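Data first, discussion second: the structure below is written as structure tokens.
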Amino acid sequence: MFESLQDGMRSALKSLRGKGKLTEANMRDGLAIVEQSLLEADVSYDVVKHFMAAVSEQALGRRVLLSLDPSQEVVGIVRDELINILGPVDPSLHLRGELTVIMLCGLQGSGKTTTCGKLSQMLLSNKVKPMLVAADLQRPAAIDQLHVIGEQLGVPVYSDKASQDPVKVCQDAVKKAKQEGAQVVILDTAGRLAIDEELMEQLKRIDSRVGPDQVYFVVDGMTGQDAVNSANAFNDALELDGVIMTKLDGDTRGGALMSVKHVTGVPIKFIGTGEHLDALEPFRPEGMASRILGLGDIVGLVDQVRQVVDEKQQQELEEKIKAGEFTLDDFKTQLEHFSKPGLMQKMLALMPGMGDLTKMMGDVDAEADSRRLIGIINSMTQGERRNPKVIDPSRRNRIAAGAGVQATEVNQLVKQYDMMAPIMKSMAGKGMAGRMQAIRELQQSGALAPGGGMAKPKGNTGKRLSPKEKAKLKKQREREVRRAKRQGRGADGKFEGGSPSKR
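All letters in the sequence shown, in the order written, are residues 0 to 502 by numbering that gives the first Met the number 0.
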């Protein structure tokens with residue numbers, strides 16, 4: 000996210016690091032690049048002016064210019080000011096004891112209905128029972144979409160297509176929620192392509208007669224400074240409690256994110272980072288400031304890992320690794336955890352010093368690589384997974400034919416496993432810093448590709464075999480089996496009557 004803003008910030012800070020000694024003149028040049036990158040990211044001019052005044056005052060001070068590492072001092076100053084612009088934020092929903100009513104509002108197409116589902120998913124993960132309310136009576140498709148989302152999550156959805164009064168629908172839904180024991184009601188209200196008086200009056204009536212505990216404005220993060228104008232209008236009408244910014248996984252310049260809080264005074268509570276219903280994150284100014292500066296986000300990374308890794312399974316794996324029992328089956332389990340589309344790139348972007356790695360990846364499909372490796376391991380016997388050293392040429396060809404890959408890929412996987420096993424053992428019991436160091440060692444050794452998967456063998460395209468190539472490999476395998484039997488060996492390559500010298 001925010002590639003243009005990140006590139007501008009990194010370029011500015013890189014120019015400062017390249018100076019043998021920082022002076023007031025070259026410091027001003029570096030800060031000019033920072034200012035330009037903010038304006039190009041569509042950040043409000045007033046926000047940029049305020050931000051640069053605060054940064055310049057500190058960066059041009061005697062303490063920075065005379066410090067041992069002035070460029071690092073500037074990084075710290077810029078990060079602190081970014082946090083001040085974006086925060087502070089309280090990401091809690093402030094749930095009440097009996098029933099909490101949350102109202103979502105925003106323009107049409109901002110992602111309100113999907114965000115209702117994402118909030119429900121978040122509540123369910125915290126053992127809270129939600130109910131969704133289809134209060135957008137302008138679009139029948141919105142009601143149907145909300146029902147589909149409710150079915151996916153197993154969450155009840157209240158709707159009344161016969162009604163023309165959204166206020167009555169919301170009031171009836173609250174009564175129904177109390178009867179069914181729901182703890183949170185989420186109102187999906189109507190939107191428009193642009194702000195109009197009719198929409199605002201409708202929202203005001205819902206606000207005054209239903210009395211929601213929290214009112215959140217859902218805004219498309221790709222709309223730039225228009226998001227600020229919309230937030231101002233909705234805040235004047237409803238007194239917003241927070242903003243949920245969506246589509247931050249797309250080509251977002253970052254202007255809306257940095258401008259909304261400063262201009263409106265309304266905090267960004269959550270951010271949408273994908274289309275899936277679990278792609279909603281509590282907004283953390285500290286983590287976002289670090290991401291913008293390419294410094295990573297360790298807390299965000301840990302949260303991502305917790306979402307995909309079962310703690311009990313991970314603890315069991317830790318014990319096995321400590322005992323030196325890391326097998327290809329264990330490696331396969333880890334691959335399955337992290338083969339979710341886009342997850343590997345997202346996690347790499349959260350690692351300190353790994354921000355540029357996602358650019359180096361280009362069109363590399365890390366998920367496809369993971370699936371290919373899982374297919375190779377699935378084609379092995381249990382004995383081969385526990386001890387890959389028994390994989391001889393005949394076994395290798397059988398595994399390759401079963402997985403639909405070249406035999407060299409099987410060979411490469413086994414070699415990389417031999418490199419990985421001792422590093423995985425050294426990672427056991429270490430903290431996040433130690434594990435990141437181990438990951439860097441894997442990349443330096445060539446065992447890990449830029450995307451986080453196992454590196455492909457040189458000269459191999461990684462394409463699946465055609466039916467003709469599979470048939471050829473099968474015939475080759477059959478010939479090797481016949482040859483092995485003639486020599487007195489079994490299909491696994493071992494001599495059946497003891498060593499050849501005893502025969």
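Here a beta-carbon is modelled for each residue, glycine too, at the ideal position from N, C-alpha and C.
As the structure is a prediction and not an experimental result, all values here were calculated from the model.
C-beta contact flag for residue i and residue j at 8 Å
i      : j      : result
Cys169 : Val217 : no
Val100 : Asp212 : yes
Leu266 : Val227 : Contrary to the premise, residue 266 reads as Pro rather than Leu in this sequence. No. Outside cutoff.
Thr222 : Leu247 : no
Ser229 : Leu106 : yes
Pro284 : Leu412 : no
Ala181 : Met130 : yes
Nearest candidate by alpha-carbon position, reference residue i, set the options
i      : options                        : result
Leu202 : Ala189, Gly223, Glu150         : Ala189
Phe269 : Ala140, Pro90, Gln107          : Pro90
Glu280 : Gln120, Arg95, Phe50           : Gln120
His261 : Val42, Asn25, Glu34            : Val42
Glu324 : Leu372, Ser378, Pro387, His275 : Pro387
Ala470 : Glu197, Asn396, Glu200, Thr112 : Asn396
Asp329 : Ala367, Ala420, Leu198         : Ala420
Asp277 : Glu318, Pro129, Ser124, Thr407 : Ser124
Glu179 : Glu97, Val73, Asp206           : Glu97
Residue i in three-state terms, based on DSSP
i      : result
Pro266 : coil
Met379 : coil
Phe325 : coil
Glu280 : strand
Asp6   : helix
Asp45  : helix
Ile185 : strand
Thr112 : helix
Thr99  : strand
Gly374 : helix
Ala255 : helix
Met195 : Reading off the sequence, residue 195 comes out as Asp, not Met. Of the three classes helix, strand and coil, the one that applies to Asp195 here is coil, per DSSP.
Ala226 : helix
Asn125 : coil
His93  : coil
Leu292 : coil
Asp79  : helix
Ala40  : coil
Buried or exposed by the 16-neighbour rule on C-beta atoms within 10 Å, applied to residue i
i      : result
Tyr157 : buried
Val173 : buried
Thr22  : exposed
Gly496 : In this predicted model, Gly496 has a pLDDT of only 44, less than 50, meaning its place in the structure is not dependable; the value taken from the coordinates is given anyway. Per the 10 Å Cβ criterion, exposed.
Lys117 : buried
Val88  : buried
Leu447 : Caution applies to Leu447, whose pLDDT of 48 falls short of 50 and renders its modelled position unreliable; the value that the coordinates give is listed next. The residue in question, Leu447, is buried, as its Cβ has 16 or more Cβ neighbours within 10 Å.
Lys177 : exposed
Tyr215 : buried
Tyr416 : buried
Leu192 : exposed
Residue(s) in a DSSP beta bridge with residue i
i      : result
Val147 : The partner list for Val147 (beta bridge, DSSP) is empty, contrary to what the question assumes.
Phe216 : Cys104, Val242
Tyr157 : Val132
Gly271 : Leu279
beta-carbon residue i near the ligand COA non-hydrogen atom, thresh 7 Å
i      : result
Leu279 : Ligands in the displayed structure: none, and consequently the ligand COA is not present.
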